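Student: Next up is a structure, given as structure tokens.
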Amino acid sequence: MADLLVHYAVNRAASLGARGTVAAECLLLGAVLPDVLAKPLHIVFRLGWATTATHAPLTWLALAYVTAHLFRAPHRPAAFLGILLGGWLHIGVDLLRETMGLGAIALLYPFSVETFQLGGWYFSEDSLRLAPWALGTVALAEGWTARRRRRTAGSTSAPPAG
């Protein structure tokens, strides 16, 4: 659960400037969808390959395309882009995770099952320590952005002096 919160926080920070758009909301969907799709398949049906498939850049391209078709036609391009980039950012964060030298992501799946990691910056259990900080940072950034919007809206709506 903490891992999902960290993925959400990272993608929320990435989408701050575009808040309220289809692409920004789908970026958040893409942030959690790789784990949300993989966990039930892995836990309930014992399909170990589900995590590999949902955490691979090429298969995520296909999953984002299919998921984007759940949206109305005018929103599909933005939904596809948001889901794709959100999932790829999720995969990028997972690439930084330490997996005891086993590798975290099969970058070339389905053509290769060789896994990679980029240095092991954090362990999976570190998500428990990172989640409150990540969510706190997002809350501060959201507050700052909302304050800036209110200030900008207030200065543009004032009638001219005269």
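Under numbering that gives the first Met the number 0, think of the first position of the sequence shown as 0, with each following residue one higher.
Built from N, CA and C at the ideal position, the CB exists for glycine as well.
Given the structure is predicted, the values throughout are model-derived calculations rather than measurements.
1) Out of Trp-48, Ala-145 and Arg-128, which one is the CA nearest neighbour of Leu-105?
2) How is Arg-71 classed by DSSP in three states: helix, strand or coil?
3) How many angstroms separate the CA atom of Glu-113 from the CA atom of Leu-94?
4) Pull up the CB-CB distance for Ala-133 and Val-35, whole angstroms please, since I reckon it's below 8 Å.
5) Could you name the residues that DSSP lists as bridge partners for Arg-147?
6) To the nearest angstrom, how far is it from the Cα of Leu-62 to the Cα of Gly-142?
7) In the DSSP assignment, find the unbroken alpha helix (DSSP H) run with Val-21 in it and report its ends.
8) For Ser-123 and Ala-67, I'd like the C-alpha separation in whole angstroms.
9) Let me check understanding here. Comparing Cα to Cα, which of Leu-40, Ser-111, Leu-57 and Ala-13 lies closest to Leu-28?
10) In three-state terms, what does DSSP make of Phe-115?
11) So, for Arg-96: in the same chain, excluding its five sequence neighbours on each side, which residues have a beta-carbon less than 8 Å away from its beta-carbon?
12) At what residues does the alpha helix (DSSP H) containing Ala-49 begin and finish?
13) According to DSSP, simplified to helix, strand and coil, what is Arg-11?
Tutor: Reading off the structure:
1) The question names Leu, but residue 105 is Ala in the sequence shown. Ranking the options by Cα distance to Ala-105, first place goes to Trp-48.
2) Coil, per DSSP.
3) If you take the alpha carbons of Glu-113 and Leu-94, they lie about 13 Å apart.
4) With 8 Å as the limit, Ala-133 and Val-35 do not qualify as a contact, their Cβ atoms being about 18 Å apart.
5) According to DSSP, which records beta bridges pairwise, Arg-147 is partnered with nothing at all.
6) Rounded to the nearest whole angstrom, the CA to CA distance from Leu-62 to Gly-142 is 33 Å.
7) Per DSSP, Val-21 belongs to the alpha helix (DSSP H) from 21 to 42.
8) Cα to Cα, the separation comes out at about 29 Å.
9) Ranking Leu-40, Ser-111, Leu-57 and Ala-13 by Cα distance to Leu-28 puts Ala-13 first.
10) DSSP, reduced to helix, strand and coil, places Phe-115 within a strand of the structure shown.
11) Hits under 8 Å: Ala-103, Gln-116, Gly-119, Trp-120, Tyr-121, Phe-122 and Ser-123.
12) From DSSP, the alpha helix (DSSP H) with Ala-49 extends over 48 to 53.
13) If DSSP states are grouped into helix, strand and coil, Arg-11 belongs with the helices.
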